[in-house]
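Working notes, beginning with the structure itself.
Numbering (full-length UniProt numbering), first residue to last: 1 to 335.
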């Protein structure tokens, strides 16, 4: 049996090949376009690559010929803490860890899930960019000493900005026109993506289940399910909570045990959307079950702790809903 460690870079990679005795058989520096030749040569071998920005394509190429796993760099401590680091040593270390069977594996979603992730993550990034330019508009008005109680992005606000009542000067006017034009273009692109998101979410059973939760929309349901992936890869709810980074950091020393802030491992987008859903559920939808839980905890702790704990509670419900294929059905809250 051969064991391959592949240190990936954007255009080329370093490959280390070990035998059963952990002896180096070959070390290769190869362009990523030719990795399939290496995979064919060592077909049937066990391989490991690190999760990088371009690993999906490389993984698909290697998976046709090799038993390949993706190492989670945040958990593969030996790589991160190596005193001497270079491509050759990183590749060799990956091969050694693969041979020893101690790779902390990163989840590789299916091609369909990758497409859904790209869709919802893309929409989120566009909204963030639009927010940046809206902030530029507010900043420009502030810089020119203009006070206002109207929405500069509404029809009425646009009319006011175009009138002589608002004087920004030649440069200011040009900047305002540019900012508003970019905002309009981003809005158009976001609306196009939202149509596709709604169409996709409406066609999936799991997203329809999640939309029975107060505060969960087409967009948030698709983001949640695409970030979680196949629910049957988790044996229990606490594994999903840990995957989302909503589990508290536990420190134990002797007989003492303390829980700190959440670990924040995993998908930041998943944590973000769960918090957004909870904010909507408790403040706008007035869901009695989640609202009661949030209010009780907020009174004892604070808003941030309460909202994160409620998001964790929702994620536990999501796990059971997807596992059992059931709609949202919380316990009744007594008056």
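For glycine and all other residues, C-beta sits at the position ideal for the given N, C-alpha and C. A quick note: this is a predicted structure, and the numbers were derived from the prediction, not measured.
Q: Specify, as a first and last residue, the run of the alpha helix (DSSP H) that residue 131 falls within.
A: 111–143
Own chain residues within Cβ distance below 7 Å of residue 329, not counting five before or after: Annotation for residue 329: no residue places its beta carbon closer than 7 Å to its own, counting only its chain and skipping 5 residues before and after.
**Report entry** Own chain, CB closer than 6 Å to residue 265, minus 5 neighbours either side, in chain order
**Finding:** 245
- prompt: Does any CB atom of chain D fall closer than 9 Å to the CB of residue 318?
  reply: As a matter of chain content, chain D is missing from the structure shown, which is built from one protein chain.
Review point. So, using beta-carbon positions, are residue 231 and residue 120 closer together than 9 Å?
Key: no
Residue 5, buried or exposed, once every other Cβ within 10 Å from all chains shown has been counted against 16: By the neighbour-count definition (other C-beta atoms within 10 Å, threshold 16), residue 5 is a buried residue.
Under three-state DSSP, which class holds residue 320? helix
Taking the alpha carbon of residue 122 as the point to measure from, which residue in 194, 237, 59 has its own alpha carbon closest? Comparing Cα-Cα distances from residue 122 to each of 194, 237, 59, the minimum goes to 194.
Worksheet item: To the nearest angstrom, how far is it from the Cα of residue 148 to the Cα of residue 154?
Response: Their backbone Cα atoms lie some 13 Å apart in a straight line.
Give the C-beta separation of residue 14 and residue 7 to the nearest angstrom, bearing in mind that I take them to be a contact with Cβ-Cβ under 8 Å. 5 Å
Integer Cβ distance of residue 278 from residue 263, believed to fall under 8 Å:
That pair is no contact at about 18 Å.
message: Does residue 328 come out as helix, strand or coil in the three-state DSSP assignment?
response: If DSSP states are grouped into helix, strand and coil, residue 328 belongs with coil.
> So who's on the other strand from residue 3, going by DSSP bridges?
Replying inline: In the DSSP assignment, residue 3 is bridged to 18, 46.
For this session: With a threshold of 16 other CB atoms inside 10 Å of the CB of residue 50, please say whether the residue is buried or exposed.
Result: Looking at its Cβ environment, which holds 16 or more other Cβ atoms inside 10 Å, residue 50 is buried.
Quiz item: In three-state terms, what does DSSP make of residue 105?
Solution: strand
For residue 273, does the three-state DSSP call read helix, strand or coil?
helix
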